[in-house]
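There are 2 protein chains.
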Amino acid sequence: MALAMKIRQLTFRLLQVYADVVRTGSITVTANRLHLTQPTVSQQLKRLREIVGEPIVRQEEGRIVPTEVGQALYQLSQDLLSRADVFSQYLDEYNSGGRGHFSIGLVNTAQYVLPRLLGPFSQANPQVDVTVEVGNRQQMLNRFERHEDDIYVFSHPPIDDAVLAAPFLSNPLVLVGPENCRWAGVEGLTMNDLKEERFLLREPGSATRHTFNAWLDSAGIELRSTQQIASNEAIRLAVASGMGLAVLSRHIVADSPKGVQELPLQGFPLKSRWHFVVRRERRLPPAAYRFLSFVQEALAREFEEPEGEAAVAELLKALNQARPLSKPQ
Amino acid sequence: MALAMKIRQLTFRLLQVYADVVRTGSITVTANRLHLTQPTVSQQLKRLREIVGEPIVRQEEGRIVPTEVGQALYQLSQDLLSRADVFSQYLDEYNSGGRGHFSIGLVNTAQYVLPRLLGPFSQANPQVDVTVEVGNRQQMLNRFERHEDDIYVFSHPPIDDAVLAAPFLSNPLVLVGPENCRWAGVEGLTMNDLKEERFLLREPGSATRHTFNAWLDSAGIELRSTQQIASNEAIRLAVASGMGLAVLSRHIVADSPKGVQELPLQGFPLKSRWHFVVRRERRLPPAAYRFLSFVQEALAREFEEPEGEAAVAELLKALNQARPLSKPQ
DNA sequence: TACAGTCATAGATAATTATCTATGGCGCTT
DNA sequence: AAGCGCCATAGATAATTATCTATGACTGTA
Chain A
1 MALAMKIRQL TFRLLQVYAD VVRTGSITVT ANRLHLTQPT VSQQLKRLRE IVGEPIVRQE
61 EGRIVPTEVG QALYQLSQDL LSRADVFSQY LDEYNSGGRG HFSIGLVNTA QYVLPRLLGP
121 FSQANPQVDV TVEVGNRQQM LNRFERHEDD IYVFSHPPID DAVLAAPFLS NPLVLVGPEN
181 CRWAGVEGLT MNDLKEERFL LREPGSATRH TFNAWLDSAG IELRSTQQIA SNEAIRLAVA
241 SGMGLAVLSR HIVADSPKGV QELPLQGFPL KSRWHFVVRR ERRLPPAAYR FLSFVQEALA
301 REFEEPEGEA AVAELLKALN QARPLSKPQ
Chain B
330 MALAMKIRQL TFRLLQVYAD VVRTGSITVT ANRLHLTQPT VSQQLKRLRE IVGEPIVRQE
390 EGRIVPTEVG QALYQLSQDL LSRADVFSQY LDEYNSGGRG HFSIGLVNTA QYVLPRLLGP
450 FSQANPQVDV TVEVGNRQQM LNRFERHEDD IYVFSHPPID DAVLAAPFLS NPLVLVGPEN
510 CRWAGVEGLT MNDLKEERFL LREPGSATRH TFNAWLDSAG IELRSTQQIA SNEAIRLAVA
570 SGMGLAVLSR HIVADSPKGV QELPLQGFPL KSRWHFVVRR ERRLPPAAYR FLSFVQEALA
630 REFEEPEGEA AVAELLKALN QARPLSKPQ
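Chains as they are written, first to last, in this note's numbering: chain A, 1 to 329; chain B, 330 to 658.
In structure tokens form, the structure reads like this:
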């Protein structure tokens, strides 16, 4: 027996027209509704009939009524069209950023503040699925090179023409000592006072260490005793147990202040900022774009970071220009 | 915002190709599988991408992988294609007559035998839905005129060029009297003996009455006393209660013999046959066709009606010729 | 570096589709 | 019978699609 239906030629347009004819019971009416001429609709029905291989409608008392096969076809049409419509809605949501997925790569230090942005965003956009990757600077640089994430947060953005960076949040670095530290409360504390102290430092690649080093260099100071520890958390614990002093992001201290305190060293806190980093040519998932917009607003509203807001605004603008209307593959 | 998807241009062919690319992960492989060239498949993907308005695949480590939107599209494709396939299977079944619906109109008398054909047919074809209409000859003629049913069963088919009739089953008319009738067992019983009897008759249009009348006329007999009763069943009960004699289809007596018996009148039983009647130009639903085929076989196998089988065979043949391969609307 | 495999793009063409206008047939209603 | 509304068919055309061949770009691997 011949193939039941020439499915390859089946078009959603045909199904749309057909479904409307069944609903209205009139070819002429459907033609008007769809802004077509009557013969066009007749033709479409004929073609659909050929595709199906069976009569699908007949005329009965002046109305067009579906045959038995036609009824089944009508059900099919409704079914398929509504499913396609659901997909279309999904697309809309996806494009608005209200649905979908993106991933963000954070250097270790940033994980103490990003949740304060990601949390509310997820709350507001439950359909968006965010992957957060955390690692030290070198690990994040590797991920960045491999294009593994949509957005990155660095203190010192990689230098690259293809990169857009927005310094969105200040990241003050402070001197931290144990709870019962003898330098607490000392006014006008200088590094000179501390030259006998041991300093606990992150690994050389780390931005925190880099910034601290740069400050030391410019001040012509050399540390007497240092020890390298790989994680901020471990450093905090080590400081609390009296193993030495450290320079850490104030956010870390604010987040879990147990056993440590900030010391009022002159010239501190060191200024530093976190940057959103995205590749200029990368087509950002709408959800990621929406996140950045969300952050922009939050910075002004809750973080009192107008400079940060401006930087993010500029980033978004640049992204829009890099990808105007056409969406290259 | 622009429309999410240009659904009117969406083709099942595109979805088929796309789904295969996602499955194989390779444009080239899909091209070979579908007997196309590689650029053709690339093109199709591009077009689909334009229809959707979003990138749907990307290349990753030499493989083609769907984007997030692409994955949703793939699911959609699978879904839609499988649904279309279900419909296609339905079409096959419909065409084979194994599924669907047809209606058959019976004159009253025929309802005593048709169940013996329809029952087994329904048993063998549970997916076929049969509507049985029953009425007297005039009612059936009206339905016939209005093209309301697919098949009719008449004793005397309407005379009409556009009609195909197959005398498929003999319908012997017999004289019936009450259980304790004094004519029972009388040999060589003639109408002359019965001229004082009252005869209970169906309405003038009925084929039973028509046949009986014709026989009376040809024999030059006139009935003394008659009474008209509209239903066979009512006549049978009247006969049983001694109100008179009647001429009925032997099938009626065989079906419910309580209180009545066949009387051995000379010249009886009168010969008569039921006819399947279909309109020549009517496109018979495949299920109706299948029913006729079923009946054809049953007549030979169980009813010992070789003439009937031949008549039905001829009917089927004529139907096939009237509707060769093309199926006009 | 040269080669092989995989895609994308360009350019060309045949086929198919989408639509329109013009007309004719049918069934009802004046 | 004339007119009206509704649908089918014919004929024409513009637009779109389906595909092909040829060619170039990119990515690894020998």
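Built from N, CA and C at the ideal position, the CB exists for glycine as well.
Asked	Found
N- and C-terminal bounds of the alpha helix (DSSP H) containing B:T359	356–362
Proximity below 9 Å, CB of A:L265 to CB of A:V174	yes
Local conformation of A:G119 per DSSP, three classes	helix
Minimum C-alpha distance to A:V57 - residue among A:F121, A:T67, A:E50, A:L48	A:T67
Test: B:D414 CB closer than 9 Å to a CB of chain A	yes
B:V641 to B:A333 span [Cα, whole Å]	58 Å
Extent of the continuous beta strand (DSSP E) to which A:A166 belongs	163–170
Straight-line gap, A:W274 to B:G382 (C-alpha atoms, nearest Å)	34 Å
9 Å Cβ cutoff met for A:N232 and A:Y112	yes
Chain-ordered chain A contacts of B:L363 [CB-CB under 9 Å]	Result: empty, since nearest Cβ-Cβ is about 10 Å, beyond 9 Å.
Rounded C-alpha distance that separates B:I581 from B:Q456	30 Å
Within 9 Å, strictly: CB atoms of A:Q227 and A:E203	no
Assigned secondary structure, A:V130 (DSSP; H/G/I helix, E/B strand, else coil)	strand
Every unbroken alpha helix (DSSP H) inside the stretch 512–560 of chain B [4 residues or more]	536–548
Residues that B:R392 contacts on chain A, provided the C-beta gap is smaller than 8 Å	Result: empty, since nearest Cβ-Cβ is about 16 Å, beyond 8 Å.
Reduced DSSP category for B:Q590 - H, G, I as helix; E, B as strand; rest coil	strand
Contacts that B:S417 makes with chain A (C-beta to C-beta distance below 9 Å)	L3, A4, M5, I7
Beta-carbon proximity of B:F416 to A:R8, cut-off 9 Å	no
Spatial neighbours of B:T519 in its chain, beta-carbon cut-off 6 Å, leaving aside the 5 residues before and after	Q595
Interface partners of B:L493 on chain A, CB under 7 Å	The contacting residues do not exist; B:L493 stays about 20 Å from chain A at best.
Any C-beta of chain A under 9 Å from that of B:N424	yes
Nearest neighbour of A:L245, chosen from A:E197, A:Q138, A:A298 [CA to CA]	A:E197
Distance, B:T359 Cα to B:Q373 Cα	12 Å
Cβ-based contacts, 7 Å cut-off: residues of the stretch 136–158 of chain A near chain B	none
Contact set between A:G50 and chain B, taken where Cβ atoms lie within less than 9 Å	At residue 50 of chain A the sequence reads Glu, which differs from the Gly that was named. Simply none; closest approach about 10 Å.
Partner residues on chain A for B:T359, Cβ-Cβ distance less than 9 Å	Ordered by position in chain A, no residue passes the 9 Å Cβ test against B:T359, which lies about 15 Å from the chain.
Sequence-distant residues of its chain with Cβ nearer than 6 Å to A:Q296 (five each side left out)	E309, V312, A313
Residues of the stretch 598–619 of chain B whose Cβ lies closer than 8 Å to any Cβ of chain A, in chain order	R612, P614
For A:S103, three-class secondary structure by DSSP	strand
Cut-off 8 Å between Cβ atoms - residues of its own chain near A:L169, not counting five sequence neighbours on either side	V113, R273, W274, L299, F303, E305, G308
Coarse secondary structure for A:I64, derived from DSSP in three states	strand
Cutoff 9 Å: A:G267 Cβ touching any chain B Cβ	no
Counterpart residues of B:P507 in DSSP-defined beta bridges	B:V589
Contact set between B:Q407 and chain A, taken where Cβ atoms lie within less than 9 Å	None at all; the shortest Cβ gap to chain A is about 11 Å.
Closer than 9 Å to chain B by CB, A:L91	yes
Buried versus exposed call for B:I488 [16 or more other C-beta atoms within 10 Å across all chains shown]	exposed
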